[in-house]
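S.K.: In the working numbering, the protein residues as written are 1139 to 1331. To start, I am sharing the structure in question, which I have written as structure tokens.
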Amino acid sequence: YEINDPRYGRRTYVDYADISQNLVNATVAAEDHTFWSNNGIDFQGILRAAFTNVQKQGVIEGASTITQQLIKRQFFLDQPRTLQVKAEEAVLASGIAQQLPKWKVMEMYLNVIYYGELNYGAEAAAQDFFGLQPRCTNNHCIPAAGQLDLAQASLLAGLPQLPSYYDPITDKSAALARQTTVLDSMVQLYMIT
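Written out as structure tokens, the structure reads:
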């Protein structure tokens, strides 16, 4: 039996070294192309998003980095999305980027981000959506998040943007369309051919 608190969902923390590189790459492709080189804030992304949003006369594109999304999830989740809150997120994201190595930020992000269906973090999502379980041999365990292949990782990486909309259980076609977008982005970033 599995007992879940509906307020907090399922979650299991996994170390960065035990997370599939497919998921790390797919997450960067889906959420923050400049993750490995930015300082927690992507100023070009902000300008690009602002230009697109003005051009389309609505909020079409966001510019939050993975670091900013981590800060938002940890400290500002229930706050209204005001300019002041976004500015505070940016300041904290910049500070975190100076204090922690990028791999640690990615580890933290992949362990707290919401994937839908009460799954918080990659381990819960890998177990729930794909039925993967930790594999243990000789006193070493490979968590479910470490077993994700490219197809599974690219599907999961697309979910955090709109977990309910891209939910593969309720709307498989939307989830697969988002997965294709993630895979295309991975090709553009030379992560895959």
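Glycine residues also receive a C-beta, built at the ideal position from the N, C-alpha and C atoms.
With a threshold of 16 other CB atoms inside 10 Å of the CB of Gly-1259, please say whether the residue is buried or exposed.
M.R.: Residue numbering aside, residue 1259 sits at position 121 when the sequence shown is read from its first letter. When all chains shown are included, Gly-1259 counts as buried.
S.K.: Which of the three DSSP states, helix, strand or coil, is assigned to Arg-1273?
M.R.: Residue 1273 sits at position 135 when you count from the first residue of the sequence shown. Reduced to three states, the DSSP call for Arg-1273 is strand.
S.K.: Grouping DSSP H, G and I as helix and E and B as strand, with all else coil, what is Asn-1257?
M.R.: Along the sequence shown, one-based indexing puts residue 1257 at 119. Strand.
S.K.: Could you check what DSSP says for Gly-1379 in three-state terms: helix, strand or coil?
M.R.: Lying before the first or after the last residue shown, residue 1379 is absent from the chain, which here runs from 1139 to 1331.
S.K.: Please classify Pro-1218 as buried or exposed, where buried requires at least 16 neighbouring CB atoms within 10 angstroms.
M.R.: For this step, residue 1218 is matched to residue 80 along the sequence shown. Exposed: under 16 other Cβ atoms inside 10 Å.
S.K.: Out of Gln-1271, Leu-1208, Thr-1203, Ile-1204, state which residue places its alpha-carbon closest to the alpha-carbon of Leu-1286.
M.R.: Here residue 1286 corresponds to residue number 148 of the sequence shown, with the count starting at 1. It is Gln-1271 whose Cα lies nearest to the Cα of Leu-1286.
S.K.: Does the distance from the CB of Ala-1127 to the CB of Ala-1155 come in under 8 Å?
M.R.: Residue 1127 cannot be examined here, being either before or after the span of the chain that is shown, 1139 to 1331.
S.K.: If we ignore side chains and look at the alpha-carbon of each, how far apart do Leu-1161 and Gln-1236 end up?
M.R.: Stepping through the sequence shown from its first residue, residue 1161 is reached at position 23. Stepping through the sequence shown from its first residue, residue 1236 is reached at position 98. Near 24 Å, if we compare the C-alpha coordinates of Gln-1236 and Leu-1161.
S.K.: Which stretch, first to last residue, makes up the beta strand (DSSP E) that contains Ile-1280?
M.R.: Numbered from its first residue, the sequence shown carries residue 1280 at position 142. Element bounds for Ile-1280: 1278-1280.
S.K.: Just tell me which of Thr-1308, Ala-1291, Ser-1302, Ala-1282 has its CA closest to the CA of Thr-1318.
M.R.: Sequence index remark: in the sequence shown, residue 1318 carries index 180 (1-based). Comparing Cα-Cα distances from Thr-1318 to each of Thr-1308, Ala-1291, Ser-1302, Ala-1282, the minimum goes to Ala-1291.
S.K.: Check the Cβ-Cβ distances between Thr-1275 and every residue of chain C, and say whether any is below 8 Å.
M.R.: Reference to chain C is not applicable here, since this structure consists of a single protein chain.
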